[in-house]
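Please read the structure below before turning to the comments.
Chains as they are written, first to last, in our numbering: chain C, 19 to 362; chain D, 12 to 170.
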């Protein structure tokens with residue numbers, strides 16, 4: 019073999035080797051760039067990842083076995099204690115649920131009065147996380163449920179805390195979730211307090227989301243909770259996304275940038291929920307109406323507060339002016355039909 | 012000496028390397044996970060250059076990218092660079108004592124981290140935390156045991 023000789027002069031084998039190296043380098047660079055930009059390669063990728071399923075299954079096996087062994091090893095007393103605790107929790111939750119049901123009925127009635135779109139109850143599917151360590155630079159999650167279990171691309175994924183991400187790739191037995199914290203992810207949100215619209219971007223780190231280009235004049239404060247707005251039609255409205263932990267001016271001093279702590283608690287080896295229901299796209303008009311409503315309510319509240327504090331004289335004046343139109347209305351309306359009726 | 016007594020060792024070792032790369036570790040230990048695939052490919056490039064060359068390293072890298080869900084081609088690029096350097100210095104490396112080989116492999120793994128960081132900078136992908144720079148050290152320490160185990164598997168037990 020020529021490679022055993024170690025002469026400093028370049029040999030034909032070396033040149034061929036270098037050319038091959040360059041060819042492979044060019045090929046892999048082209049692959050990296052085109053995969054980074056997305057496109058036709060992702061199609062191929064999806065097809066090819068079907069072949070990786072046995073590998074994923076095998077790699078997830080130890081943690082599944084460990085889980086089942088832990089379950090088997092749990093003692094009777096432990097199970098009894100767990101049972102008691104869960105029973106108590108169920109009682110407390112049921113009590114809360116009963117109150118919520120009343121609220122839900124009232125909410126539905128009010129919505130019907132307003133003629134707003136009916137929001138169906140949550141239709142969800144539980145999907146276990148496949149416990150596999152993938153590329154640590156990408157915020158993805160592999161689920162142990164695929165198209166055979168009815169998972170579709172674009173479904174929103176939530177957990178008990180809030181929005182987790184969305185399904186971006188599905189194979190027959192597994193699916194990939196793009197987490198809200200991935201650098202390529204953005205989700206339209208509103209501030210729960212006042213309905214200011216923002217966009218929460220992924221930061222590429224697991225415990226962190228980012229706000230960019232927030233106008234200086236926007237009513238945004240540290241500690242504000244952000245929920246999905248439903249704009250764009252990808253995510254249903256109303257799911258918590260995160261809490262603002264930091265706000266500061268950006269380099270141009272014309273906008274604010276903010277840090278968010280994600281609301282979902284991504285804990286490995288747990289289950290996640292896939293939302294099944296079709297998302298009703300929300301338009302900006304809906305949001306504006308909601309904001310106007312909130313504002314009107316706030317103003318009414320402020321007026322009521324202001325009215326409550328002054329002396330009796332002002333207090334007496336308000337009912338008078340408030341009562342006048344209703345008292346007037348029957349007096350003008352009622353007589354006319356009554357007067358018309360005898361004439362006919 | 013009859014080489015290639017156990018032809019299944021090559022695919023089996025690569026499969027194991029992929030599996031070890033995917034195996035869930037506690038979050039605290041994750042940064043220290045060595046680049047198993049690079050270690051195994053390095054072994055085969057040194058020991059069996061007829062079967063394992065640049066093309067093989069490239070193909071394995073692509074498979075690893077699919078399995079790990081990373082950018083397609085990133086690990087292929089890293090493995091091709093490593094295989095090329097190994098091929099160039101193979102004649103010297105082969106006759107190094109194992110400890111010295113481990114040092115060289117450690118250097119290659121460090122270089123591999125630099126290549127990966129460069130790819131991330133070029134694409135604007137976030138960098139890994141600094142703790143991940145300790146992984147080459149672990150890989151270096153694992154080289155000697157890996158080398159001995161692979162040799163033992165390949166040639167059967169030496170009596």
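We put the beta carbon where it would ideally sit given N, CA and C, even for glycine.
Being a predicted model, the structure only gives us computed values, none of them experimental.
- Taking each of 209(C), 173(C) and 161(C) in turn and checking the Cα distance to residue 190(C), the smallest one comes out for 161(C).
- Among the residues of the stretch 21-48 of chain D, those with a Cβ less than 7 Å away from any Cβ of chain C are 29, 30, 33, 34, 35, 36 and 41, in the order of the chain.
- Here DSSP, grouped into helix, strand and coil, assigns residue 158(C) to strand.
- For residue 78(D), at least one C-beta of chain C is nearer than 9 Å to its own C-beta.
- Annotation for residue 81(D): no residue places its beta carbon closer than 6 Å to its own, counting only its chain and skipping 5 residues before and after.
- Nearest CB-CB separation between residue 87(D) and chain C: below the 9 Å threshold.
- Membership of residue 67(D) in the alpha helix (DSSP H) is indicated by the continuous run 65-79.
- Interface annotation, residue 111(D): not in contact with chain C, CB-CB separation never under 9 Å.
- Under a criterion of Cβ atoms nearer than 9 Å, the residues of chain D adjacent to residue 74(C) are, in order, 33 and 78.
- Boundaries for residue 173(C): no alpha helix (DSSP H) harbours it, and the DSSP string shows neither H nor E there.
- Between residue 86(D) and residue 72(D), the CB-CB gap stays under 9 Å.
- Taking all protein chains in view, the Cβ of residue 86(C) is surrounded by fewer than 16 other Cβ atoms within 10 Å, so the residue is classified as exposed.
- Scanning 59(D), 154(D), 34(D) and 90(D) for the CA closest to the CA of residue 83(C) turns up 34(D).
- Proximity of chain D to residue 33(C) at the Cβ level (cut-off 7 Å) is not reached, the minimal Cβ distance being about 12 Å.
- Residue 253(C) has its alpha-carbon roughly 29 Å from the corresponding atom of residue 138(D).
- One finds 82, 83, 84, 85, 88, 130 and 134 in chain D with Cβ atoms closer than 8 Å to the Cβ of residue 50(C), taken in chain order.
- Taking CB atoms only, residue 161(C) has no neighbour in chain D less than 9 Å away.
- With respect to residue 184(C), residue 173(C) sits close: the two C-beta atoms are nearer than 9 Å.
- Think of a sphere of 8 Å around the beta carbon of residue 137(D): the chain C residues whose beta carbon falls inside it are 155, 201, 221, 222 and 223, in chain order.
- Counting only the Cα atoms, residue 25(D) lies some 31 Å from residue 201(C).
- Around the CB of residue 246(C), 16 or more other CB atoms lie within 10 Å, so the residue is classed as buried.
- Separation of residue 220(C) and residue 157(D) (C-alpha to C-alpha, rounded to the nearest whole angstrom) is 39 Å.
- Counted as a single uninterrupted DSSP element, the beta strand (DSSP E) harbouring residue 228(C) occupies residues 227-233.
- Distances from the CA of residue 206(C) to each of 197(C), 218(C) and 120(C) were compared; the closest alpha carbon is that of 218(C).
- Contact annotation for residue 230(C) against chain D: no contact, minimum CB-CB distance about 15 Å [criterion: below 9 Å].
- For residue 219(C), the beta-bridge partners assigned by DSSP are 204(C) and 228(C).
- Annotated three-state conformation of residue 100(D) is coil, per DSSP.
- Taking CB atoms only, residue 70(C) has a neighbour in chain D less than 9 Å away.
- The criterion of a C-beta distance shorter than 9 Å is not satisfied by residue 144(D) and residue 50(D).
- Taking 9 Å as the CB threshold, residue 66(C) lines the interface with chain D.
- Shortest Cα-Cα distance from residue 197(C) to any of 95(C), 67(C) and 292(C) involves 292(C).
- Taking a contact as a CB-CB distance under 8 Å, the pair residue 262(C) and residue 238(C) counts as one, their CB atoms being some 7 Å apart.
- Contact note: residue 91(D) reaches chain C through 39, 42, 43 and 46, using a C-beta cutoff of 8 Å and chain order.
- For residue 64(C), no beta strand (DSSP E) encloses it; the enclosing alpha helix (DSSP H) starts and ends at 58-67.
- With a threshold of 9 Å between beta carbons, residue 189(C) makes no contact with chain D.
- Around the beta carbon of residue 147(D), 16 or more other beta carbons lie within 10 angstroms, which makes this residue buried.
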